[in-house]
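Novice: Read in order, the letters of the sequence shown are residues 0 to 177 in numbering that gives the first Met the number 0.
Think of the CB as a built atom: it goes at the ideal place given N, C-alpha and C, for glycine as much as any other residue.
Got a structure for you, questions after.
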Amino acid sequence: MSKKILTAEELAEEIKKKFKIKDVIIERKAVGLKKKERVEVWVRGNKDILKEFIKYLMELDYPHLAVISGSDLGNTVELIYHFSIYYGRKYQEIAINFSIELPKNDLTVPTICDLVPGALVTEREKQEMLGIKIEGIPDGRRIFLPEDFPEGVYPWRRDETGPDKMIRDLYEVREDEG
């Protein structure tokens with residue numbers, strides 16, 4: 000691990016150069032009662048560099064993984080790996096959100112459990128809820144859906160592999176209720 004603590008701007012520049020990524024955005028927000036600044040770096044990458052990106056973060060400071068979020072965007076499924084580095088260091092922590100879009104005809108991504116063992120539960124969740132195939136996952140059993148839940152049906156999907164229309168469109172207001 001590096002002894003030098005990077006600023007968000009230095010981190011963004013290093014990511015752009017090292018991974019040849021143009022889409023790196025820094026966001027700063029005042030949060031909490033005391034309105035402390037929270038710094039987030041958003042990186043749009045791809046699955047081919049996912050593990051190398053995490054190894055890079057490990058060189059800086061062992062990354063804290065909060066969760067992997069996922070969303071059906073229509074033709075693709077987006078995964079966002081929510082990390083932070085310098086975790087617990089007052090006024091130095093940087094949240095890093097690494098996003099990838101997977102085409103629905105290739106919903107595979109390598110496991111990161113070999114680098115971040117705590118990722119297992121959130122990877123299993125993405126398999127069950129979105130139908131992502133996590134290659135190399137050490138334990139792919141279901142933990143969120145019951146064993147008798149139909150195979151090939153994914154609750155967070157908005158296409159034909161999602162649950163029936165009544166459940167998928169539950170948030171919509173029916174015309175007769177308008």
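Alpha carbon to alpha carbon, what distance is there between Val152 and Met165?
Specialist: No answer about Met165 holds up, because its pLDDT of 45 lies below 50 and its placement is not dependable.
Novice: With burial defined as no fewer than 16 other Cβ atoms inside 10 Å of the residue's Cβ, what is the status of Tyr80: buried or exposed?
Specialist: So Tyr80 ends up on the buried side.
Novice: Looking at the structure shown, is Ile48 part of a helix, part of a strand, or coil, going by DSSP?
Specialist: Helix, per DSSP.
Novice: Using only CA atoms, which one of Lys15, Thr75 and Gly117 lies nearest to Leu101?
Specialist: It is Thr75.
Novice: Under a three-way DSSP split, which group does Ile95 fall into?
Specialist: It is a strand residue.
Novice: Which stretch, first to last residue, makes up the alpha helix (DSSP H) that contains Leu10?
Specialist: Where Leu10 is concerned, the enclosing alpha helix (DSSP H) stretches over Ala7 to Phe18.
Novice: According to DSSP, is Thr121 part of a helix, a strand, or is it coil?
Specialist: Three-state DSSP puts Thr121 in a helix.
Novice: By a C-beta neighbour count over all protein chains shown, 10 Å radius and 16 as the cutoff for buried, is Arg140 buried or exposed?
Specialist: Flag for Arg140 reads exposed.
Novice: Let me know the secondary structure DSSP gives Leu59 once reduced to three states.
Specialist: Leu59 falls in the helix class under three-state DSSP.
Novice: To the nearest angstrom, report how far apart Leu119 and Ile67 are at their CA atoms.
Specialist: Using only the alpha carbons, I get a separation of about 10 Å.
Novice: Quick check: the segment 81 to 97 against the segment 54 to 69, are there 3 or more CB pairs under 8 Å?
Specialist: They touch, by the three-pair rule.
Novice: Between the Cα of Gly73 and those of Lys19, Leu49, Asn104 and Glu13, spot the shortest distance and give me the residue it belongs to.
Specialist: Of Lys19, Leu49, Asn104 and Glu13, the residue nearest in Cα terms is Asn104.
Novice: Tell me whether Met165 sits in a helix, a strand or coil according to DSSP, three-state version.
Specialist: Below a pLDDT of 50, predicted positions are generally treated as unreliable, and Met165, at 45, falls in that range; no measurement from the model is reported.
Novice: Grouping DSSP H, G and I as helix and E and B as strand, with all else coil, what is Ile53?
Specialist: Looking at Ile53 - three-state DSSP - the assignment turns out to be helix.
Novice: For a test of the three-state rule: what should DSSP assign to Pro145, helix, strand or coil?
Specialist: Three-state DSSP puts Pro145 in coil, outside helix and strand.
Novice: Would you please state the rounded distance, in angstroms, between the beta carbons of Ile14 and Val42? I believe it to be under 8 Å.
Specialist: Right, the Cβ-Cβ distance comes to about 6 Å (below 8 Å), so this counts as a contact.
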